[in-house]
Amino acid sequence: MNKKNLNQIFQHYIEQFDYINNSVNMEFYKWKVCKDFPELMQKALDASNDELADVLKEVKQCTYNIIDGYTQPLSGLIELAKKEPEEVRSILKELYADGDEDIELQMKKIGIFFKKYNTLLER
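Those letters in the sequence shown? Residues 7 to 129, by my numbering.
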C-alpha cells in the first residue's frame, strides 16, 4: 500500500468534506453505516434462530445503497437464514472471527464463506 497516496486521498477528502456532505451529496450517511454495520452484525450473530433473518434484514436496510441490492448475496443470505439459521450463523461467525488485520487471512476467509454459502444455496 502506498501510504503517501492514501494520506493524500484522505487529505483531499477532508478538505472537500463540507462540499461532499452538503444537503445534496449527504456523505455523512456512509459514516453512519460504518458505525452501525458492525453493531448490527453482532446483533445478528447473537440472535436466536427465529430472529436471525429479521436481524439480517436490519443489516440489509442499513447498507441498502452501499453494499446490497436485490442481486447481491445479502438478500439470498436472509432467505437462507429463514431455512437454515444455524448454518448461516456459523459461516458468518467464521467470516467475522479474529484476524481481519491480516488481509491475506481475510481474503481466505471470504473465499471460504462464499464456498460454504454456495453449498447452502445448492441445497
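Built from N, CA and C at the ideal position, the CB exists for glycine as well.
Roughly how many whole angstroms lie between the Cα atoms of residue i and residue j?
i, j, result
"GLN22", "LYS89", "46 Å"
"TYR70", "TYR25", "23 Å"
"GLU64", "SER96", "19 Å"
"PHE120", "GLU100", "11 Å"
"ASN124", "GLY117", "11 Å"
"VAL61", "GLU128", "23 Å"
"GLN112", "ASN27", "31 Å"
"PHE43", "GLN14", "27 Å"
"ASP108", "LEU126", "27 Å"
Count the other C-beta atoms from every protein chain shown that fall within 10 angstroms of the C-beta of residue i, then say buried if there are 16 or more, exposed otherwise.
i, result
"LEU58", "buried"
"LYS66", "buried"
"TYR19", "exposed"
"ALA87", "buried"
"VAL30", "exposed"
"CYS40", "exposed"
"ILE84", "buried"
Can the beta-carbon of residue i be found closer than 8 Å to that of residue j?
i, j, result
"LEU98", "ALA50", "yes"
"ASN55", "PRO79", "no"
*If you scan the stretch 39-69 from start to end, which runs of the alpha helix (DSSP H) of 4 or more residues do you find wholly inside it?*
Secondary structure remark: continuous alpha helix (DSSP H) runs of at least 4 residues inside the stretch 39-69, in chain order: 58-68.
*May I have a chain-ordered list of the alpha helix (DSSP H) segments no shorter than 4 residues that lie completely inside the stretch 84-118?*
Runs of the alpha helix (DSSP H) spanning 4 or more residues and lying entirely within the stretch 84-118 occur at 91-101, in chain order.
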